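Peer 1: Residue numbers (our numbering), protein chains in the order written: chain Z, -16 to 115; chain U, 4 to 312. Heads up, the beta-carbon is just placed ideally off N, CA and C, and yes, glycines get one too. The structure presented is a predicted model; accordingly, all values stated were derived computationally and were not measured.
(1) Can you give the Cα-Cα distance for residue 94(U) and residue 34(Z), rounded to whole angstroms?
(2) Compare the C-beta of residue 56(U) with all C-beta atoms of chain Z and state if any pair is closer than 7 Å.
(3) Just by C-beta distance, which residues in the region 142 to 153 of chain U are closer than 8 Å to chain Z?
(4) Identify which residue in 297(U), 74(U), 53(U) and 236(U) has its Cα closest to the Cα of residue 62(U).
(5) What's the gap between the Cα of residue 89(Z) and the Cα of residue 104(Z)?
(6) At a cut-off of 6 Å, is residue 142(U) close to the ligand GTP when judged by its beta-carbon and the heavy atoms of the ligand?
(7) Counting only C-beta atoms, is residue 112(Z) closer than 7 Å to chain U at any point?
(8) Contact between the region 2 to 14 of chain Z and the region 251 to 269 of chain U is defined here as three or more beta-carbon pairs at a separation below 8 Å; is this criterion met?
(9) Could you work out which residue in 136(U), 25(U), 19(U) and 6(U) is closest to residue 273(U) when comparing CA atoms only?
(10) If I follow the unbroken beta strand (DSSP E) through residue 120(U), where does it start and stop?
(11) What is the DSSP secondary structure of residue 57(Z), counted as helix, strand or coil?
(12) So residue 283(U) is in the alpha helix (DSSP H); what residue range does that whole segment cover?
(13) Going by C-alpha to C-alpha distance, which of 298(U), 287(U) and 311(U) sits closest to residue 15(U)?
(14) Ignoring anything shorter than 3 residues, give me the beta strand (DSSP E) runs that lie fully in the region 33 to 106 of chain U, in order along the chain.
(15) Do residue 159(U) and residue 119(U) have their C-beta atoms closer together than 7 Å?
(16) Give the list of continuous beta strand (DSSP E) stretches no shorter than 3 residues that lie fully inside the region 152 to 201 of chain U.
(17) Looking only at C-alpha atoms, which of 108(Z), 112(Z), 113(Z) and 114(Z) sits nearest to residue 30(Z)?
(18) Between residue 172(U) and chain Z, is the shortest Cβ-Cβ distance under 7 Å, so that the two count as touching?
(19) Which value, in whole angstroms, describes the spacing of the CA atoms of residue 54(Z) and residue 92(Z)?
(20) Kindly list the residues whose CB is nearer than 7 Å to the CB of residue 135(U), restricted to its own chain and excluding five residues on each side of it in sequence; keep chain order.
(21) Would you mind working out which of 6(U), 17(U), 9(U) and 8(U) sits nearest residue 282(U), comparing C-alpha positions?
(22) Any beta carbon from chain U within less than 7 Å of residue 126(Z)'s own beta carbon?
(23) Alpha carbon to alpha carbon, what distance is there between residue 110(U) and residue -1(Z)?
(24) Closest to residue 74(Z) by CA distance: which of 106(Z), -7(Z), 86(Z) and 4(Z) is it?
(25) For residue 174(U), which residues in the same chain have their Cβ closer than 8 Å to its Cβ, ignoring the five residues on either side in sequence?
(26) I want to see whether chain Z comes within less than 7 Å of residue 52(U), judged by CB atoms only; does it?
(27) What does the Cβ neighbour count give for residue 316(U), buried or exposed, with the cut at 16 atoms within 10 Å?
(28) Counting contacts by CB-CB distance shorter than 7 Å, is residue 70(Z) in contact with chain U?
(29) Looking at chain Z, is there any beta carbon in it that lies within less than 7 Å of the beta carbon of residue 37(U)?
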């Protein structure tokens, strides 16, 4: 058994996950990175994307994290995120529609490009977790 | 016999239907209150974790050059006012509006952002400068609305449109008591970072609060030496501040939503009680009048019979 560490994923709407895991892989602003037990204390920003975590043998969970901050302490690792979702919480059709809408809005000058871009990133993350 | 028996009957019916409405509103408000309170509770762990991280970064970066943390001469002040879309909530809307009015020294120097139509109407009627209005979100606040408001206000602050930003909302103390509250959110004061937690601790005593913030401080100091930051604390702070303010605004909206429902519930409860009292009084009157009428009729019949003898 690999060593585990305490992981908390907290969103404004509630505690999303709280438990011991062996490893979590998340997307930072500089690319994907993994956190294992005994990681050096670190605070950094995470991007909109997917994550997967190894809870134990043959127990792998994945989902989306829509941006936020991760703080790694010796005691625990806390991920503060805007929103987190398990795959079963995601509506694939809605995500696809959102993606198309966002793509159109990026081209259209009427809309706020930054906002559309953010929406696009969110929908891509959602779709990719379901179509893996 | 001043009053007509039909009139009294009609009044009883009318009061009764009002009672039914107020009673229904009371039930709806208490159902919504339960939901809003849950939302407020669920937000707490996030907010606490966020304050902790934030205070660490601030300590690490020391005297930061971040524009959002620097005090400057105050010429114009912006207010974010969290209010309801609907009335019939006792003093909920008015108390907040009065607090703002009391705080504004000069109308010309105040810029308002209002959440909820009640606040907007109140200040529009009094010729205040309303720069942004957000309708239809006060009952079910979500983070994205809070983000929108925050982005707007931070932009304005950055461009020098105003030099201070206050957030005015109603603190949900308990079902029986909601207090309007005014707090400064921009520029942020590094020393004041911990007391901002006070909006959360509704049940905790003052001493406990101090103890807790001290705890965070000690913990932060202990870990300071080894915590690494990526990117640098200053840069991280730039990312963190909007996050923090968004969440504060969101928290105020959530607290406000809970307060609104609680205030409405209490108001409707007393309206229902009042309607019951009126119905009781009217029923008594109705019976008296009816009795009097019967008595009179009997005496008329008797005297009629007497006359026939």
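Peer 2: Taking the coordinates as given:
(1) 47 Å
(2) yes
(3) From the region 142 to 153 of chain U, only 146 have a Cβ closer than 8 Å to chain Z.
(4) 236(U)
(5) 12 Å
(6) Questions concerning the ligand GTP fall outside what the structure shown contains, since it holds no ligand whatsoever.
(7) no
(8) Fewer than three Cβ pairs drawn from the region 2 to 14 of chain Z and the region 251 to 269 of chain U lie within less than 8 Å of each other, which leaves the two stretches out of contact.
(9) Answer by Cα proximity: 25(U).
(10) Looking at the DSSP string, residue 120(U) is not in any beta strand (DSSP E); the run it does join, the alpha helix (DSSP H), is 120 to 128.
(11) coil
(12) According to the DSSP assignment, residue 283(U) belongs to the alpha helix (DSSP H) that extends over 236 to 311.
(13) 287(U)
(14) 80 to 85
(15) no
(16) List check, beta strand (DSSP E) in window: 167 to 175 and 181 to 189.
(17) Considering only alpha carbons, the answer is 108(Z).
(18) no
(19) 38 Å
(20) 116 and 155
(21) 17(U)
(22) One cannot answer for residue 126(Z) here, as it falls past the ends of chain Z, which runs -16 to 115.
(23) 45 Å
(24) 106(Z)
(25) 181, 182, 183, 184, 202, 205, 258 and 262
(26) yes
(27) Residue 316(U) lies beyond the stretch modelled for chain U, which goes from 4 to 312, so this question has no answer here.
(28) no
(29) no
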